[in-house]
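If you read the sequence shown in my numbering, its first letter stands for residue 7, the second for the next number, and so on. Every residue gets a Cβ at the ideal spot worked out from N, C-alpha and C, and that includes glycine. Small disclaimer: the values here were computed from a predicted structure and weren't measured. First up is the structure itself, then whatever we jot down about it.
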Amino acid sequence: MRDIFAVDIGATNLRLALVDGAKVRLLQKMPTPRKSNPDIFLSELAKIINDYIKENGIPGKLPFGIAVAGPVVNKREKTVFFTEILGEFVSFSKLEKSLGQEISVINDADSAVLAEAAYGVGGDSLCYLTISSGIGGGVIKNGKLLPGKKTEVGHFDIDYPINRQCSCAGLNHWEAYTSGKHMINFMTEWGKTKNINTEGYNSIYEIFNQVRKGDKIANDFIDEVNKINAQGIEILEEKFLPEKIVLGGGLASNCRDIILPGVRKYLDKEIFDKITITELGDEISLLGVGAFLKTVNN
């Protein structure tokens with residue numbers, strides 16, 4: 007199979023690589039650029055891509071795909087709403103003009119579920135759930151990728167009394183509670199309702215480390231997080247009836263020792279037994295770009 011040039015634009019990190027089937031090479035990783043508007047962001051991205059091509063001596067124009075942390079809202083203009091990065095719409099058709107090359111664009115969770123189907127757990131009925139800076143999902147049902155609008159799992163309505171506002175301005179969305187971006191603020195609000203001082207818990211990974219050390223406040227709070235994640239998984243399972251549910255993303259992968267046992271307490275065994283952690287690592291969305299381009303080009 008011919009090499010594919012793949013880019014994964016996450017809320018935290020940007021990755022570039024050549025992908026050949028299940029093989030990733032010449033991987034380069036850096037923080038995702040934080041720019042003031044879409045045009046400046048795309049200009050910086052074009053420079054990063056051109057520098058990568060030049061530094062690695064990549065010949066010609068390879069099939070090129072980008073996985074993005076946001077919904078693709080206009081396929082013709084390849085427009086993405088970057089909720090966590092810019093809070094604005096970004097049209098990748100402009101990047102095509104800058105680079106002089108056609109680009110295929112896919113949501114990163116959709117890309118990840120394609121990777122799982124092709125190179126991971128396999129199957130024609132599965133959900134991929136990412137718990138990281140944000141919460142997202144990709145779904146394959148009857149062997150077909152479901153349209154992204156139906157699978158924006160981070161915006162499932164959660165039954166919880168605090169009524170937190172999501173980045174999209176909606177209330178009580180799953181992402182507003184247990185995503186990396188919102189969890190610290192959720193902990194502060196949770197503490198106020200319990201008359202608990204949560205000062206000093208300054209990062210999500212610090213909270214999880216305190217859980218491992220037996221800290222009561224951290225354990226009580228993460229128990230609430232686990233209840234909410236279990237509620238979201240129940241909604242996902244009821245809505246899509248998958249045979250397999252694959253968890254990925256920084257939080258799910260790095261804190262699996264806490265998250266998996268935690269949600270197990272609140273899920274029926276039938277649902278929990280469907281859950282596994284991805285074995286494809288941080289390159290999962292890059293691999294999915296390759297799988298996606300195979301479908302586009304066939």
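Worksheet entry | Option in S42, E158, N169, K53 with minimal Cα separation from L242 | E158
Worksheet item: Cβ of V78 within 8 Å of Cβ of I55?
Response: no
Item to complete: Report the residue ranges of all beta strand (DSSP E) runs contained in full by the stretch 47–97; include only those spanning at least 3 residues, in chain order.
Response: 70–74, 78–80, 85–88, 94–97
Discussion item. Given this structure, state the Cα-to-Cα distance separating E102 from P44, to the nearest angstrom.
Written reply: 14 Å
Item to complete: Mind checking which residues open and close the beta strand (DSSP E) that includes G254?
Response: 250–254
Discussion item. Please return the same chain residues whose Cβ sits closer than 7 Å to the Cβ of G154, not counting the five positions on each side in sequence.
Written reply: P77, V78, N113, D116
Item to complete: For the beta strand (DSSP E) containing F11, list its first residue and its last residue.
Response: 10–15
Discussion item. Between the alpha carbons of I190 and G206, how many angstroms are there, rounded?
Written reply: 11 Å
Item to complete: Quick one: grab the DSSP three-state call for P37.
Response: strand
Worksheet item: If you compare alpha carbons, which of V269, K275, I64, L177 is closest to I234?
Response: V269
Worksheet entry | Burial state of R82 (16 or more Cβ within 10 Å) | exposed
Practice prompt. Check the DSSP bridge columns for R262 and list the partner residues they point to.
Written response: Answer is none; R262 lacks a bridge partner.
Worksheet item: Would R21 be called buried (16 or more neighbouring beta carbons within 10 Å of its own) or exposed?
Response: buried
Worksheet item: Whose C-beta lies closer than 6 Å to the C-beta of D9 among residues of the same chain, with five residues either side of it excluded?
Response: L24, D26, L68
Fill in: Ordered list of alpha helix (DSSP H) runs contained in the stretch 94–163, each at least 4 residues
99–105, 114–125
Worksheet entry | Local conformation of T282 per DSSP, three classes | strand
Worksheet item: From which residue to which residue does the alpha helix (DSSP H) around N215 run?
Response: 210–218
Item to complete: Please confirm if Q107 has its CB atom under 8 Å from at least one CB of chain B.
Response: Looking for chain B here will not work: only one protein chain is present.
Worksheet item: Quick one: what does DSSP say N201 is sitting in, helix, strand or coil?
Response: coil
Worksheet item: Going by beta carbon distance, what residues of the same chain come within less than 7 Å of F87, once the five residues before and after it are set aside?
Response: G76, P77, V79, F95
Fill in: Span of the alpha helix (DSSP H), counted from its first residue to its last, around F235
The sequence given here has Asn at residue 235, not Phe. Per DSSP, N235 belongs to the alpha helix (DSSP H) from 222–246.
Worksheet item: What does R31 pair with, by DSSP beta-bridge criteria?
Response: L24
Fill in: Three-state secondary structure assigned by DSSP to L191
The sequence given here places Asn at residue 191; Leu does not occur at that position. In this structure, N191 counts as helix in the three-state DSSP scheme.
Worksheet entry | With 16 other Cβ atoms within 10 Å as the buried cut-off, status of P248 | buried
Worksheet item: With 16 other CB atoms within 10 Å as the buried threshold, where does Y211 fall?
Response: exposed
Discussion item. Measuring CB atoms only, is the stretch 160–171 touching the stretch 133–150, in the sense that at least three cross pairs come out at less than 8 Å?
Written reply: yes
Worksheet item: Nearest to G255 by CA position, among C172, K187, G63, A124, is which residue?
Response: K187
Worksheet item: DSSP beta-bridge partners for L177?
Response: Q171
Fill in: Closest residue to G149 among C174, E122, Q171, S139 (Cα-Cα distance)
E122
Worksheet item: Pick from I228, A182, A236: whose alpha carbon is nearest that of T204?
Response: I228
Item to complete: Would you list the residues sitting across from N43 in a DSSP beta bridge?
Response: Paired residues: none, contrary to the question.
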